[in-house]
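Asker: Please see the structure below; I have some questions.
Number of protein chains: 2
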Amino acid sequence: MTESLTEEKIKEAARIIFMEKGYAAAGMRDIAAKAGVNLSLVNYYYRSKKNIFQIIMLEKMHKIFGSIIPYMIDENTSLEEKIKHISTVYIDTISEDPNLPLFVFSELQKNPEELGILFPIQNMDFMQMSIVKQFKAACPDINPAHFMLNFLGMTIFPFIAAHLFSKMPNGIFDNIQTIIHERKKLIPLWIKNMLEANIN
Amino acid sequence: MTESLTEEKIKEAARIIFMEKGYAAAGMRDIAAKAGVNLSLVNYYYRSKKNIFQIIMLEKMHKIFGSIIPYMIDENTSLEEKIKHISTVYIDTISEDPNLPLFVFSELQKNPEELGILFPIQNMDFMQMSIVKQFKAACPDINPAHFMLNFLGMTIFPFIAAHLFSKMPNGIFDNIQTIIHERKKLIPLWIKNMLEANIN
DNA sequence: GTCTATAGAGAGATAGAC
DNA sequence: GTCTATCTCTCTATAGAC
């Protein structure tokens, strides 16, 4: 039941093409060419464009959501430890595949019904997560949604905007990869500061 | 030189279809149907799919970038005033068209060459903006890129993630529109707190 | 300006030889 | 498993009647 070399070459080509162009603009011929195989082999191994896309998309959703959720629900770490660990691990993970957030958010928004059922994100109860319960204990006056939006926004938004900002001349966003990596240390400091201020 | 009724109906339909599906998945037939006109009229008034898309895209880029840049370069307001004003105006503006950030970032990433020249965002020098100079005076030890990423991320990221989060059951993101509007008052407080802490 | 009809290119998918 | 050839459908765009 191990995958053949051809099968894996096609899948890797599909990853690249779908990430670059999105589902609609990607073509089966693009994938075959990138893999260096005959067009009909893509259908032979994966049967349809929709099917191979769902395989890639499931993989990508697992990567973007699965890499943080275990830490968020862990009952055995403090809030501070979670924040440090998640921001570091997440920035390292997404840096290997920096277009991942824009790709996943964009495709999910275009086809929420079909793609939403592939990954159980819609069945998750944020209120029962350890990280949310810990935040509520620390800052009872603030809606935890704001905390999650700030934390995730600080971590993920730079990847979404990187492509655009890096094109600006002579700018503050030169070397945006370096800037993003600096944030692994800075985000926990900023968040800790916000928690202590307990602004409401 | 005023637009005819048909011409405007087609443009409005194109706005909706392109925002929903993106450039690649949108069809001239979709646009004609949404406008309630014959297919060939879309080409009669706008000549090609690429052309009508660029018209819509230019409009949208003007909306997402043009609505904040004037405030960022204004030499006659304080940093604190800028932050308050921008977060309020921006959240109100984007709330009327909440899919705008995801649409613009996504399409720009897929076709940066052609779309980048439509709007002069790539010619802007962030370092010369009043808001950046003011931040550097207030927090000389922090790269202003972090400030801009935090400020814009806190403001824009909730719109990018809203679609996904709002599907979660029994969650903290119920009524995400209300939560986003609360942020008009909260973001200036958080940012002010970060400036005063001057974390480095 | 608006319609019908269609050209022409490109897409996804499959049949069938090897 | 891999190839060539092709079917069928859909798309953008245009020609030409009214």
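These protein sequence lines map, in sequence, to chains A and B.
Residue 7 is where the first sequence starts when you use this note's numbering, and the numbers rise one by one after that.
Residue 7 is where the second sequence starts when you use this note's numbering, and the numbers rise one by one after that.
All C-beta atoms, glycine included, are put in the ideal place defined by N, C-alpha and C.
#1: Comparing the C-beta of B/A39 with each C-beta of chain A, is any distance below 8 Å?
#2: Hey, quick one: how far does the alpha helix (DSSP H) through A/P76 stretch, first residue to last?
#3: Can you give the Cα-Cα distance for B/P164 and A/N44, rounded to whole angstroms?
#4: Taking the alpha-carbon of B/I74 as reference, which of B/L201, B/F24, B/I97 has the nearest alpha-carbon?
#5: With 8 Å as the limit, tell me which residues of the stretch 126-139 of chain A have their beta carbon closer than that to any beta carbon of chain B; keep them in chain order.
#6: Please state whether the Cβ-Cβ distance between A/H169 and B/Q115 is less than 8 Å.
#7: Closest by CA to A/T94, which one among A/A167, A/A144, A/I22, A/I162?
#8: Taking one C-beta from the stretch 125-134 of chain B and one from the stretch 188-197 of chain B each time, how about it: are there three or more such pairs within less than 8 Å?
#9: Please report how far the alpha carbon of B/W196 lies from the alpha carbon of B/I92, in whole angstroms.
#10: Skipping 5 residues on each side, what residues in its chain have a beta carbon closer than 6 Å to that of B/E13?
#11: So B/N224 is in the alpha helix (DSSP H); what residue range does that whole segment cover?
#12: For A/K27, name the three-state secondary structure that DSSP assigns.
#13: Verify whether the separation of the beta carbon atoms of B/F59 and B/Y29 is less than 8 Å.
#14: Alpha carbon to alpha carbon, how far is A/E120 from A/E18? Give it in angstroms, no decimals.
#15: If contact is defined by three or more beta carbon pairs under 8 Å, each pair taking one atom from either stretch, is the stretch 99-116 of chain B in contact with the stretch 102-109 of chain A?
#16: Expressed to the nearest angstrom, what Euclidean distance is found between the alpha-carbon atoms of A/S10 and A/I16?
#17: Buried or exposed: where does B/I152 fall if 16 or more other Cβ atoms within 10 Å of its Cβ makes it buried?
#18: Could you check how far apart the C-beta atoms of A/L47 and A/A39 are, in whole angstroms? I think they sit under 8 Å.
#19: For the structure I just gave you, are there three or more beta carbon pairs, one from the stretch 133-150 of chain A and one from the stretch 129-141 of chain B, closer than 8 Å?
#20: DSSP state of B/P150, grouped into three classes?
#21: Could you check what DSSP says for A/D36 in three-state terms: helix, strand or coil?
#22: Against chain B, with Cβ distances strictly below 8 Å, would A/F165 count as a contact?
#23: Residues of chain A with CB closer than 9 Å to the CB of B/G177, please, in chain order.
#24: From A/N129, A/P146, A/M154, A/D147, pick the residue whose C-alpha is nearest to that of A/I137; which is it?
#25: When you compare the CB of B/F157 with every CB in chain A, is at least one pair closer than 8 Å?
#26: Distance, Cα to Cα, B/I79 vs A/K56?
#27: Look up B/V110 in the DSSP assignment and say whether it is helix, strand or coil.
#28: So which residues on chain B does A/G72 lean against when the C-beta distance must stay under 7 Å?
#29: So, using beta-carbon positions, are B/D147 and B/N199 closer together than 8 Å?
#30: Is it true that the CB of B/I178 sits closer than 8 Å to the CB of A/N129?
#31: Whole angstroms is fine: what's the gap from B/I62's alpha carbon to B/A20's?
#32: Can you give me the C-alpha to C-alpha distance between A/N49 and B/E26, rounded to a whole angstrom?
#33: Against B/A5, what residues of chain A qualify as contacts under a CB-to-CB distance less than 7 Å, listed in chain order?
#34: Closer than 8 Å by beta-carbon distance: list the chain B residues that pair up with A/I58, in chain order.
#35: Closest by CA to B/H68, which one among B/I22, B/I186, B/I100, B/A32?
#36: Considering only C-alpha positions, which residue in the set A/I23, A/R35, A/E81, A/I185 is nearest to B/N156?
Answerer: With the given structure in hand:
#1: Output row for B/A39: interface = no.
#2: That run of the alpha helix (DSSP H) goes 75-79.
#3: Straight-line Cα distance between these residues: approximately 43 Å.
#4: Comparing Cα positions, the closest option is B/I97.
#5: Listed in sequence order: I127, Q128, N129, M130, D131, F132, M133, V138.
#6: Closer than 8 Å, so yes.
#7: The shortest C-alpha separation from A/T94 is found at A/I162.
#8: No, the stretch 125-134 of chain B is not in contact with the stretch 188-197 of chain B.
#9: The alpha-carbon of B/W196 is positioned some 14 Å away from that of B/I92.
#10: Same-chain partners within the cutoff: Y51.
#11: Past the edges of chain B, shown from 7 to 206, lies residue 224 of chain B, and the structure says nothing about it.
#12: In the displayed model, A/K27 falls within a helix according to three-state DSSP.
#13: Yes, the Cβ-Cβ distance between B/F59 and B/Y29 is below 8 Å.
#14: A/E18 and A/E120: Cα-Cα distance of roughly 23 Å.
#15: With the cut-off at 8 Å, the stretch 102-109 of chain A and the stretch 99-116 of chain B touch.
#16: Their Cα atoms are separated by approximately 10 Å.
#17: In the sequence as presented, Ile is not what sits at residue 152 of chain B; that position holds His. Buried, by the Cβ-count rule.
#18: Wrong, their Cβ atoms sit about 12 Å apart, outside the cutoff.
#19: Taking 8 Å as the limit for Cβ pairs, the verdict is that the stretch 129-141 of chain B does not touch the stretch 133-150 of chain A.
#20: In the structure shown, B/P150 sits in a helix (DSSP, three-state: H, G or I).
#21: It is helical.
#22: Not closer than 8 Å to any Cβ of chain B, the Cβ of A/F165 fails to qualify, so no.
#23: Those within 9 Å of B/G177 in chain A are M130, D131, F132, M133, A151.
#24: The alpha carbon of A/I137 has as its nearest neighbour, out of A/N129, A/P146, A/M154, A/D147, the alpha carbon of A/M154.
#25: Taking Cβ atoms only, chain A never reaches closer than 8 Å to B/F157, which makes this a no.
#26: In a straight line, the C-alpha of B/I79 is about 47 Å away from that of A/K56.
#27: It is helical.
#28: Listed along the chain, the chain B residues whose CB falls inside 7 Å of the CB of A/G72 amount to none; the nearest CB is some 15 Å away.
#29: At a Cβ-Cβ threshold of 8 Å, B/D147 and B/N199 do not count as neighbours.
#30: Not a contact, by the Cβ cut-off of 8 Å.
#31: Rounded to whole angstroms, B/I62 and B/A20 show a C-alpha spacing of 7 Å.
#32: Cα-Cα distance, rounded: 29 Å.
#33: Missing from the structure shown is residue 5 of chain B; chain B here goes from 7 to 206 and no further.
#34: The premise fails here: A/I58 is roughly 17 Å from chain B at the closest Cβ pair, so nothing lies under 8 Å.
#35: Cα-wise, what sits closest to B/H68 is B/I100.
#36: Comparing Cα-Cα distances from B/N156 to each of A/I23, A/R35, A/E81, A/I185, the minimum goes to A/I185.
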